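A.B. asks: Positions 809 to 988 (our numbering) are the ones given, in order, by the sequence shown.
If you scroll down you'll find the structure; I have some questions about it.
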Amino acid sequence: MSEDIDDVREELRDEIRALKEEIKKEVSRALENPHAGSIRVDLHKDDISQTEPSSVVVKDLVKLIRDDVKSSLATRGELAVDELVEGMPEESAAGLLKSLANTERLKIVKMLYSSKRTFSDFKASIGLEAPSVNHHLKSLLNMGLVAHSDEGGYELTKRGRLLVRTLALINEALGGEQVD
């Protein structure tokens, strides 16, 4: 009887491996042709009735699919980022970093991250004189990180929001350490 169970287990493993390979092929085809619309895997009624309860098999298959998709996406993501790095214009990137490479400007964009603010808000919160606030706002406006709000005052642009989030992630990833 133990041999029968071992045989059934081995047969089931083989079927799962074959199904996994079929799923991998379908996922690969879908990734190569994003307009295909769906992934299809055919299961025969006889195959299902002779196996473990479907909930166990489905959970295993879902885990395998998730792992394969995560791995594929991670690889594709790394390749996409590598391409972005290769094509990154150094002058533009340096300009963006320069626009935020100042404590007062960072304070301004952090304030704007949560809500729209006025010129007076910056003067009061940061404690700078009007000419300094004006200088920093002008720099942020020129780089397209800050815009004049329709209601008056200033707000972060989508570009500014993205850069601030990216900077926060970089800071977190580097442990907030100061590098000389």
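Ideal Cβ placement from N, Cα and C applies to all residues, glycine included.
Remember, predicted model here, so these are calculated numbers, not experimental data.
1. Do you know offhand how far S922's Cα is from D890's?
2. Under the three-state reduction of DSSP, which class applies to A932: helix, strand or coil?
3. Report the option in E818, R817, K871 whose CA atom is closest to the CA atom of K828.
4. Output the distance between the C-alpha atoms of K946 and R969, rounded to the nearest integer angstrom.
5. Does the separation of the CB atoms of K924 and G961 fall below 9 Å?
6. Compare the Cα-Cα distances from R913 to each of A981, S900, L953, N979 and report the closest residue.
7. I want to know whether the stretch 974-981 touches the stretch 924-940 - three or more CB-CB distances under 8 Å.
8. Under 9 Å between the Cβ atoms of L905 and L964?
9. State the DSSP-derived secondary structure class of L908, mapped to helix, strand or coil.
10. Is DSSP giving L964 helix, strand or coil here?
11. Identify the continuous alpha helix (DSSP H) that holds L945 and give its terminal residues.
12. Considering only DSSP beta bridges, list what A955 is partnered with.
C.D. replies: In short, the structure shows the following:
1. Whole-angstrom Cα-Cα distance: 32 Å.
2. Residue state, collapsed to three classes: helix.
3. Answer by Cα proximity: K871.
4. Rounded to the nearest angstrom, the two C-alpha atoms are 17 Å apart.
5. In this structure, G961 lies closer than 9 Å to K924 by Cβ.
6. Looking only at A981, S900, L953, N979, the smallest Cα-Cα distance to R913 is reached by L953.
7. By the Cβ rule, the stretch 974-981 does not count as touching the stretch 924-940, because fewer than three pairs are nearer than 8 Å.
8. Cβ atoms of L905 and L964: not closer than 9 Å.
9. DSSP, reduced to helix, strand and coil, places L908 within a helical segment of the structure shown.
10. L964 falls in the strand class under three-state DSSP.
11. First-last of the alpha helix (DSSP H) with L945: 938-950.
12. DSSP, once it has assigned bridges, lists E963 as partnering A955.
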